[in-house]
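A short write-up of the structure that comes next.
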Amino acid sequence: MDWSPNECATALGDLSQKWDNCSQCDLCKHRNLTVFGRGAVNALLLFIGDSPGEDEDKCGEPFTGTTSETLMDLLEAAKIPLNWCYFTNTVMCRPPEKQKPTGFQRSICWNRLYEQIYLIDPLVIVTVGKEAMSAFSWSDGRRTSIQAEQGRWGTVVLQGKFHKNISVEYTAIPIFHPAYISRTDTPDPKTKGYIQERERPAYETFLTLDKIRECVSMLLEKHRASIKSLERNIRRGW
Ligand code: SF4
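Read in order, the letters of the sequence shown are residues 6 to 243 in this note's numbering.
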């Protein structure tokens with residue numbers, strides 16, 4: 006769907022308002038604030054984590070706080086501009102300590118997520134962490150091991166959610182969760198030295214983000230070239 010950035014921002018604002026005081030599942034009892042999403046409307050990359058953490062619950066914004074600084078550092082290292090990115094989670098409310106959202110909670114909140122995906126219509130969905138990856142239907146089967154799947158391109162299928170009986174597919178790729186990277190790795194954002202060490206989650210995530218940037222840049226370049234040739238043909242009166 007081709008939305009202008011203004012139309013998209015308005016539609017996302019309306020959607021956010023509609024879900025702001027949601028009490029459709031038990032998670033509303035535990036939240037401080039609902040966490041809708043943040044980033045560029047019309048983003049090329051949609052990063053989807055699992056559920057809000059403590060910092061996100063306090064400020065109402067996803068991918069904030071100390072853990073997410075790791076992801077921001079890696080995006081910067083891979084030269085992915087923030088105006089390519091939008092961030093959200095599969096559920097908008099923070100579950101009680103150490104619990105994962107249940108299938109029911111997730112399914113209710115996904116009505117909002119599907120609409121968000123439809124409005125943003127990204128080139129690539131980046132699932133962040135094991136839980137977010139497993140929550141999607143992948144065209145090549147269930148994905149459960151983040152160690153095996155991190156950095157592997159695939160397609161996620163959103164069955165009949167936007168239009169009855171029509172599936173919508175998106176190119177997608179999983180990355181490690183920044184909390185996992187921080188737990189198992191020792192990133193040093195100042196020197197960026199951590200990105201040079203192989204077989205470490207931070208380095209592997211960096212490689213994946215770098216690969217995403219390269220592919221998206223290539224697609225943009227192709228798109229620009231075809232627009233230019235179309236303009237040239239229009240000028241020639243073809
Ligand atoms: S998690 Fe989603 S469905 Fe559940 S109360 Fe929060 S906004 Fe509503």
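Glycine included, each C-beta is placed from N, C-alpha and C at the ideal position. For clarity, every value in this text was computed on a predicted model and none was experimentally measured.
message = Could you tell me which whole alpha helix (DSSP H) segments of length 4 or greater appear in the stretch 91-139?
response = The alpha helix (DSSP H) runs of length 4 or more contained entirely in the stretch 91-139 are, from start to end of the chain, 108-125.
task = Report yes if the C-beta of Thr-39 is less than 7 Å from at least one heavy atom of the ligand SF4; otherwise report no.
result = Along the sequence shown, one-based indexing puts residue 39 at 34. Yes.
inquiry  = Rounded to whole angstroms, what is the Cα-Cα separation between Arg-218 and Pro-86?
reply    = Within the sequence shown, residue 218 is the residue found at index 213, counting from 1. Within the sequence shown, residue 86 is the residue found at index 81, counting from 1. Separation of Arg-218 and Pro-86 (C-alpha to C-alpha, rounded to the nearest whole angstrom) is 9 Å.
ask   = Which runs of the beta strand (DSSP E) spanning at least 3 residues fall entirely within the stretch 30-86, listed in chain order?
value = Counting whole runs of 3 or more residues, the stretch 30-86 contains the beta strand (DSSP E) stretches 50-54.
query = Thr-149 lies in the beta strand (DSSP E); which residues open and close that run?
reply = Counting from 1 along the sequence shown, the entry for residue 149 is found at position 144. Taken as a continuous stretch (DSSP letters only), Thr-149 belongs to no beta strand (DSSP E), as it is neither H nor E.
Within 5 Å of the ligand SF4: residues by beta-carbon to any heavy atom = Cβ atoms closer than 5 Å to the ligand SF4 belong to Cys-27, Gln-29, Cys-30, Leu-32, Cys-33, Val-96, Met-97, Cys-98, Ile-113 and Cys-114.
message = Quick check: the Cα distance between Phe-211 and Trp-24, rounded to an integer number of angstroms?
response = Start at 1 with the first residue of the sequence shown, and residue 211 comes out as number 206. Start at 1 with the first residue of the sequence shown, and residue 24 comes out as number 19. Whole-angstrom Cα-Cα distance: 34 Å.
ask   = Is it a yes or a no for the stretch 72-87 touching the stretch 151-158, going by three-plus beta-carbon pairs under 8 Å?
value = Under the Cβ criterion (8 Å, minimum of three pairs), the stretch 72-87 does not count as touching the stretch 151-158.
request  = Go ahead and pull the three-state DSSP assignment for Ser-172.
outcome  = To locate residue 172, count along the sequence shown from 1; it is residue 167. DSSP places Ser-172 in strand when its eight states are reduced to three.
Environment of Lys-233 [buried if 16+ CB atoms lie within 10 Å] = In the sequence shown, counting from the first residue as 1, residue 233 sits at position 228. With fewer than 16 Cβ atoms within 10 Å of its Cβ, Lys-233 is classed as exposed.
request  = Check whether the stretch 103-114 touches the stretch 213-229, taking contact to mean three or more Cβ pairs, one atom from each stretch, closer than 8 Å.
outcome  = The stretch 103-114 and the stretch 213-229 do not touch, with fewer than 3 CB-CB distances between them shorter than 8 Å.
query = Leu-235: buried (16+ other C-beta within 10 angstroms of its C-beta) or exposed?
reply = What you label residue 235 is simply residue 230 of the sequence shown in a count that begins at 1. With a 10 Å radius around the Cβ and a threshold of 16 neighbouring Cβ atoms, Leu-235 comes out exposed.
query = So Gly-134 packs on Asp-215, CB below 8 Å; how close in whole Å?
reply = As a position in the sequence shown, residue 134 is number 129, starting the count at 1. As a position in the sequence shown, residue 215 is number 210, starting the count at 1. That pair is no contact at about 19 Å.
inquiry  = Only counting the same chain, and skipping five residues up and downstream in sequence, which positions put a Cβ closer than 8 Å to that of Leu-38?
reply    = Numbered from 1 along the sequence shown, position 33 holds the residue referred to as residue 38. Scanning its chain for C-beta atoms nearer than 8 Å, with the 5 sequence neighbours on each side dropped, one finds around Leu-38 the residues Asp-62, Lys-63, Cys-64 and Gly-65, in chain order.
query = Nearest-angstrom Cα distance between Trp-8 and Leu-124?
reply = Taking the first residue of the sequence shown as position 1, residue 8 is located at position 3. Taking the first residue of the sequence shown as position 1, residue 124 is located at position 119. Rounded to whole angstroms, Trp-8 to Leu-124 spans 8 Å at the Cα level.
ask   = Using 8 Å as the threshold, is the stretch 97-105 in touch with the stretch 27-37, meaning 3 or more CB pairs across them?
value = Yes, since at least three Cβ pairs between the stretch 97-105 and the stretch 27-37 fall closer than 8 Å, the two stretches touch.
request  = Locate the alpha helix (DSSP H) running through Cys-27, then write down its first and last residues.
outcome  = Locating residue 27 in the sequence shown gives position 22, where the first residue counts as 1. Where Cys-27 is concerned, there is no enclosing alpha helix (DSSP H), given that its DSSP letter is neither H nor E.
query = What is the rounded straight-line gap between the Cα of Phe-109 and the Cα of Ser-139?
reply = Taking the sequence shown and counting its residues from 1, one reaches residue 109 at position 104. Taking the sequence shown and counting its residues from 1, one reaches residue 139 at position 134. C-alpha of Phe-109 to C-alpha of Ser-139: approximately 15 Å in a straight line.
ask   = Asp-126 to Asp-145, Cα distance in whole Å?
value = Translated into positions along the sequence shown, residue 126 becomes position 121. Translated into positions along the sequence shown, residue 145 becomes position 140. Taking the straight line joining both Cα atoms gives about 21 Å.
query = Contact check, Val-46 vs Ala-14 under 8 Å by CB: the rounded distance?
reply = Translated into positions along the sequence shown, residue 46 becomes position 41. Translated into positions along the sequence shown, residue 14 becomes position 9. In this structure Val-46 is in contact with Ala-14, their Cβ atoms being roughly 5 Å apart against a cut-off of 8 Å.
For Ile-130 and Ala-207, believed in contact at Cβ under 8 Å, the rounded distance = Position 202 of the sequence shown, counted from the first residue, corresponds to residue 207. Position 125 of the sequence shown, counted from the first residue, corresponds to residue 130. The pair is not a contact, with the Cβ atoms about 21 Å apart (cut-off 8 Å).
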